[in-house]
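J.:
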Amino acid sequence: MVGPFGGAAAAGRLLGLSESLQRNAFGLAGSQSAGTFAQWGTPTIKFHQARGSLSGLLAALLAQTGFPASEEILTHPDGGIYNAYSDGGNAAVVVEGLGDRWELENISLRLWPLGSSIQSVVTAVLNLANENDLRPEDVQRIRVGLSDTVYRMHGTMSWDDRFKALLSAPYAAGVVLHDRRCWLDQFTPERIADPDLDRFIRERITVENDPDVVGTGAAVIIETRSGEVYVDRRAVPKGDVADPLTREEIVEKFHTASRGILPDDEADRALAMILDLENSSVRELMSTLTVSEALVAA
Numbered sequence: 002m003v004g005p006f007g008g009a010a011a012a013g014r015l016l017g018l019s020e021s022l023q024r025n026a027f028g029l030a031g032s033q034s035a036g037t038f039a040q041w042g043t044p045t046i047k048f049h050q051a052r053g054s055l056s057g058l059l060a061a062l063l064a065q066t067g068f069p070a071s072e073e074i075l076t077h078p079d080g081g082i083y084n085a086y087s088d089g090g091n092a093a094v095v096v097e098g099l100g101d102r103w104e105l106e107n108i109s110l111r112l113w114p115l116g117s118s119i120q121s122v123v124t125a126v127l128n129l130a131n132e133n134d135l136r137p138e139d140v141q142r143i144r145v146g147l148s149d150t151v152y153r154m155h156g157t158m159s160w161d162d163r164f165k166a167l168l169s170a171p172y173a174a175g176v177v178l179h180d181r182r183c184w185l186d187q188f189t190p191e192r193i194a195d196p197d198l199d200r201f202i203r204e205r206i207t208v209e210n211d212p213d214v215v216g217t218g219a220a221v222i223i224e225t226r227s228g229e230v231y232v233d234r235r236a237v238p239k240g241d242v243a244d245p246l247t248r249e250e251i252v253e254k255f256h257t258a259s260r261g262i263l264p265d266d267e268a269d270r271a272l273a274m275i276l277d278l279e280n281s282s283v284r285e286l287m288s289t290l291t292v293s294e295a296l297v298a299a
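Following this line, the structure appears as structure tokens:
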């Protein structure tokens, strides 16, 4: 819902739109705000996110031509975003701290390529497994506690295909314990179909609604066959603004993501530009990150 506004703000700034044209860009962005939660569990959720950028760009380009739009896209009583999606909202909050507070400095970064709301589960399981050298054969039971909202979204999600597995708390806990790793190779059809892994998840992992867990936190309790009990409670996942990734962790994630897709020298070149973005050419960076069809085929 808010993506088109962010896209319109960025594109309008780059285009140097006047105040009135930028207002029209926001109006055009609001008419493109879309996407419903009926798509949960399908790849269309990702389409919603990508569409926000495209809608914002289109809004700014149309506004640049003089295309008019409503001045009340946020506050109009019939169809304004605040009234359509809340109880009217508080318009003053939108401009509070404008020019002084930069929300981009407070964003969270996912360390692993799965649902944002179950990053805490991976954080906790990896921490317990690594600190205590826990192996699947050592484990009698894993209990995962989630907040009500996260439980309803991820607690009972099946893992019969890759997209659902990326959203499934039971599968994430099981595969991370087995592999001590969480990347895309943990979510291939072959890994998902592993009968031993599937049996372990169904027989030894319980995910429940924990009233003491808030937001995207998690409580993971691992009981071993020999009777030890290990507990990890997380208010936020690794990568949250309250527990941010280090520069080294971000660089390592880039290397992991680019490996096998970009040649090593190109990846290093792109990384150097990213780390010095204020002095780099965005056009050159995007050219470096573009994967040729020949490379994809190879």
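Add 1 to a position in the sequence shown, counting from 1, and you land on the number used in the working numbering. Even glycine gets a Cβ: it sits at the ideal position worked out from N, Cα and C.
#1: Excluding five sequence neighbours on each side, which residues of the same chain lie with their C-beta closer than 8 Å to the C-beta of PHE6?
#2: Who are the Cβ neighbours of TRP184 in its own chain at under 8 Å, not counting the five residues just before and after it?
#3: Here's the rule: buried if 16 or more other CB atoms are within 10 angstroms of the residue's CB, otherwise exposed. What is ASP162?
#4: My understanding is that THR124 touches ARG235, with C-beta atoms under 8 Å, so please give their C-beta distance in whole angstroms.
#5: Compare the beta carbon distance of ALA170 and VAL140 with 9 Å and say whether it is the shorter of the two.
#6: Among ARG153, ASP197, ALA219 and SER281, which residue has its Cα nearest to the Cα of GLY42?
#7: Using a Cβ-Cβ cut-off of 6 Å (strictly less than) and excluding sequence neighbours within five positions of GLY13, which residues of its own chain qualify?
#8: Restricting to Cα atoms, I'd like to know which of ASP197, VAL215, ILE46 and ALA220 is closest to GLU138.
#9: Would you call the CB atoms of ASP241 and SER109 closer than 9 Å?
#10: What are the start and end residues of the alpha helix (DSSP H) that includes THR217?
#11: Quick one, which of ILE143, TRP103 and HIS77 has its alpha-carbon nearest ILE222's?
#12: Quick one, which of TRP160, MET158, LEU135 and LEU276 has its alpha-carbon nearest GLY228's?
#13: Kindly indicate which three-state DSSP category GLN33 falls into: helix, strand or coil?
#14: Out of ALA219, GLY156 and THR247, which has the shortest C-alpha to C-alpha gap to VAL126?
#15: With a threshold of 7 Å on Cβ separation, who are the neighbours of GLY216 within its own chain once the five nearest residues in sequence on each side are excluded?
#16: For ALA299, which residues of its own chain have a beta-carbon under 7 Å away from its beta-carbon, when the five flanking residues on both sides are left out?
#17: Mind checking which residues open and close the alpha helix (DSSP H) that includes GLU249?
#18: Is GLN50 closer than 9 Å to LEU18 when the C-beta atoms are compared?
#19: Please work out which residues of its chain come closer than 6 Å, Cβ to Cβ, to VAL176, disregarding the five sequence neighbours upstream and downstream, and give them in chain order.
#20: Do GLY1 and ARG52 have their C-beta atoms closer together than 9 Å?
#21: Leaving aside the five residues before and after VAL95 along the sequence, list all residues of the same chain whose C-beta is less than 7 Å from its C-beta, in chain order.
#22: So within the stretch 139 to 168, which uninterrupted beta strand (DSSP E) runs reach at least 3 residues, ignoring any that extend past its ends?
#23: Where GLU250 and GLU72 are concerned, what is the direct C-alpha to C-alpha distance, given to the nearest angstrom?
#24: Is DSSP giving ARG305 helix, strand or coil here?
#25: Less than 8 Å between C-beta atoms, sequence neighbours within five positions excluded: which residues of the same chain meet that for SER342?
#26: Would you mind reading off the limits of the alpha helix (DSSP H) that contains ILE262?
#27: If I measure Cβ to Cβ from SER259 and keep anything under 7 Å in the same chain, skipping five residues before and after, which residues do I get?
T.: With the given structure in hand:
#1: The count along the sequence shown starts at 1 and reaches residue 6 at position 5. Here the set comprises PHE27, ALA30, GLY31, SER34 and GLY57.
#2: Numbered from 1 along the sequence shown, position 183 holds the residue referred to as residue 184. Excluding residues within five positions, the ones whose Cβ falls inside 8 Å are TRP113, PRO114 and THR257.
#3: In the sequence shown, the residue the question calls residue 162 occupies position 161. By the 10 Å Cβ count, ASP162 comes out exposed.
#4: In the sequence shown, counting from the first residue as 1, residue 124 sits at position 123. In the sequence shown, counting from the first residue as 1, residue 235 sits at position 234. Yes, they are in contact, since the Cβ atoms of THR124 and ARG235 sit about 6 Å apart, within 8 Å.
#5: The sequence position of residue 170 within the sequence shown is 169, counting from 1. The sequence position of residue 140 within the sequence shown is 139, counting from 1. Contact: no.
#6: For the purposes of this step, residue 42 is identified with residue 41 of the sequence shown, where counting begins at 1. The shortest Cα separation from GLY42 among ARG153, ASP197, ALA219 and SER281 belongs to ARG153.
#7: To locate residue 13, count along the sequence shown from 1; it is residue 12. Result list for GLY13: GLN23, ALA26 and ALA61, in chain order.
#8: Stepping through the sequence shown from its first residue, residue 138 is reached at position 137. Checked all of ASP197, VAL215, ILE46 and ALA220; the closest Cα to GLU138 is ASP197.
#9: As a first step, residue 241 is located in the sequence shown; it is residue number 240 there, counting from the start. As a first step, residue 109 is located in the sequence shown; it is residue number 108 there, counting from the start. Yes, they are a contact pair.
#10: The count along the sequence shown starts at 1 and reaches residue 217 at position 216. First-last for THR217: undefined, no H or E at that position.
#11: Residue mapping note: residue 222 aligns to position 221 of the sequence shown, counting from 1. Ranking ILE143, TRP103 and HIS77 by Cα distance to ILE222 puts ILE143 first.
#12: Counting from 1 along the sequence shown, the entry for residue 228 is found at position 227. Cα-wise, what sits closest to GLY228 is LEU135.
#13: By 1-based counting over the sequence shown, the position of residue 33 is 32. GLN33: coil per DSSP, three-state reduction.
#14: To locate residue 126, count along the sequence shown from 1; it is residue 125. The residue with the shortest Cα to Cα distance from VAL126 is ALA219.
#15: Taking the first residue of the sequence shown as position 1, residue 216 is located at position 215. So the list reads SER148, once near-sequence residues are dropped.
#16: Locating residue 299 in the sequence shown gives position 298, where the first residue counts as 1. No answer about ALA299 holds up, because its pLDDT of 49 lies below 50 and its placement is not dependable.
#17: Here the question's residue 249 lines up with position 248 in the sequence shown. Taken as a continuous stretch (DSSP letters only), the alpha helix (DSSP H) holding GLU249 covers 248 to 259.
#18: Along the sequence shown, read from residue 1 onward, the residue named residue 18 stands at position 17. Along the sequence shown, read from residue 1 onward, the residue named residue 50 stands at position 49. No, Cβ-Cβ distance for LEU18 and GLN50 is not below 9 Å.
#19: Along the sequence shown, read from residue 1 onward, the residue named residue 176 stands at position 175. GLN187, listed in sequence order.
#20: Missing from the structure shown is residue 1; the chain here goes from 2 to 299 and no further.
#21: Taking the first residue of the sequence shown as 1, we reach residue 95 at position 94. Closer than 7 Å at the Cβ level, and outside the excluded window around VAL95, lies no residue.
#22: Counting only runs of 3 or more, we get 140 to 147.
#23: Looking up residue 250 in the sequence shown gives position 249. Looking up residue 72 in the sequence shown gives position 71. Rounded to the nearest whole angstrom, the CA to CA distance from GLU250 to GLU72 is 44 Å.
#24: The structure shown does not extend to residue 305, since the chain is modelled only from 2 through 299, so no value can be given for it.
#25: With the chain running from 2 to 299 in the structure shown, residue 342 is simply not present.
#26: Start at 1 with the first residue of the sequence shown, and residue 262 comes out as number 261. Element bounds for ILE262: n/a, residue is neither H nor E.
#27: Taking the first residue of the sequence shown as 1, we reach residue 259 at position 258. Contacts found: ALA268.
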